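A short write-up of the structure that comes next.
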Amino acid sequence: MPASPPAPPAPDAPDAPDASPLPAVDKALRALEVLSDAGPAGLPLGALAESLGLHKSSVHRTLAALAHRGYVDRANDGGYRLGSAALALGATWAPAEHLPALVHPALVALCEASEELVHLGVLVGADVLYLDKVEPERPVRVWSAVGRRRPAVRTALGRALLALGPEPVPDASPADDAAIVRAREVGYAVEREENEPGIACVGVALVRAGAPVGALSVTVPAERMGPDRPGELARLARAVVPPLLPPGLALAGV
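Each residue of the sequence shown is one higher than the one before, counting from 76 in the numbering used here.
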């Protein structure tokens with residue numbers, strides 16, 4: 076009787092095709108990924124071990140090592156959640172000075188898809204600071220330039236960001252307030268010739284863990300911004316941009 080073929084190696088076995096070179100490190104990283112998906116509520120040890128397909132004793136040792144470095148915290152109910160060290164890594168990965176490099180491929184794709192000028196900006200006090208700009212083949216003459224600032228309440232970039240902040244917005248006119256309220260309702264902001272004559276913009280906020288970190292806008296000549304165009308551009312941004320954003324960044328409302 077022929078011998079039975081050998082059983083395939085377990086996923087963590089050294090000779091498994093997809094085995095990690097360092098299983099202990101791989102186990103810790105997988106635990107962090109599961110806890111990240113679980114959110115602030117975290118997970119009890121048993122549920123985490125089940126998600127990982129590992130014994131509770133093994134996962135407990137991994138969590139103890141992660142907690143020692145602050146990457147995992149023990150919740151009041153005895154479960155586990157991401158710690159401050161893990162959250163700090165995300166916070167340092169996408170500050171304002173890194174956003175242009177992280178988001179530029181998405182800006183290029185949106186510029187190509189819309190055939191319009193695209194901007195990236197962040198809030199600095201009461202102003203929007205322009206961080207990046209991608210121009211289409213048919214140029215649009217606008218005042219904006221990387222490094223320049225404009226009052227946030229008068230720009231689509233700023234309104235998209237202010238819509239995710241506290242209410243009411245300081246120093247906003249009734250018209251500005253109405254535009255910001257509308258942005259909260261529909262998930263994107265619009266500005267028509269309020270920042271620059273002959274120019275209109277649609278802005279959508281970029282968020283990390285639900286908090287705004289920047290915004291992008293599509294800028295067009297006002298005559299091309301018909302009543303349906305803002306919604307079309309916002310939908311285009313939501314279709315084109317998210318797949319090109321780095322982990323942790325998202326468009327508001329997506």
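Every residue, glycine too, gets a C-beta built ideally from N, C-alpha and C.
Just so we're clear, the structure is a prediction, and the values are computed from it rather than from any experiment.
Sequence-distant residues of its chain with Cβ nearer than 8 Å to residue i (five each side left out)
i	result
I255	V228, R234, L237, A238, V244, A247, A264
A309	V261, G262, Y263, V277, V279
L127	K102, R105, A106, V109, V134
E212	E190
C186	L192, V193, V209, E210, P211
Unbroken alpha helix (DSSP H) run spanning residue i, endpoints
i	result
G121	120–127
G306	304–315
A188	174–189
The beta strand (DSSP E) enclosing residue i, as first and last residue numbers
i	result
P296	286–296
P280	Looking at the sequence shown, residue 280 is not Pro but Ala. That run of the beta strand (DSSP E) goes 274–283.
V209	202–209
L198	192–199
Spatial neighbours of residue i in its chain, beta-carbon cut-off 7 Å, leaving aside the 5 residues before and after
i	result
V221	Y205, L206, D207, K208
6 Å Cβ shell around residue i - same chain, five flanking residues per side excluded
i	result
L138	V147, Y155
A106	T137
P287	L236, L239, A280
Burial state of residue i (16 or more Cβ within 10 Å)
i	result
V261	exposed
L97	exposed
E191	buried
V282	buried
A88	With a pLDDT of 44 at A88, under the threshold of 50, the modelled position of this residue cannot be trusted, and the question is left open.
S219	buried
D251	buried
A99	exposed
P305	buried
A290	buried
Any non-hydrogen atom of the ligand SAH within 7 Å of residue i CB
i	result
G153	Looking for the ligand SAH in the displayed structure turns up nothing, as the structure carries no ligands at all.
Contact with chain C by residue i, beta-carbon distance below 8 Å
i	result
P175	Structure shown: chain C not included; a single protein chain is present.
When the Cβ atoms of the region 195–210 are set against those of the region 148–156, are three or more pairs found closer than 8 Å? no
Quick one: complete alpha helix (DSSP H) runs, 4+ long, within the region 126–162? 131–143
Any chance you could list the alpha helix (DSSP H) runs of at least 4 consecutive residues sitting entirely within the region 222–260, in chain order? 231–237
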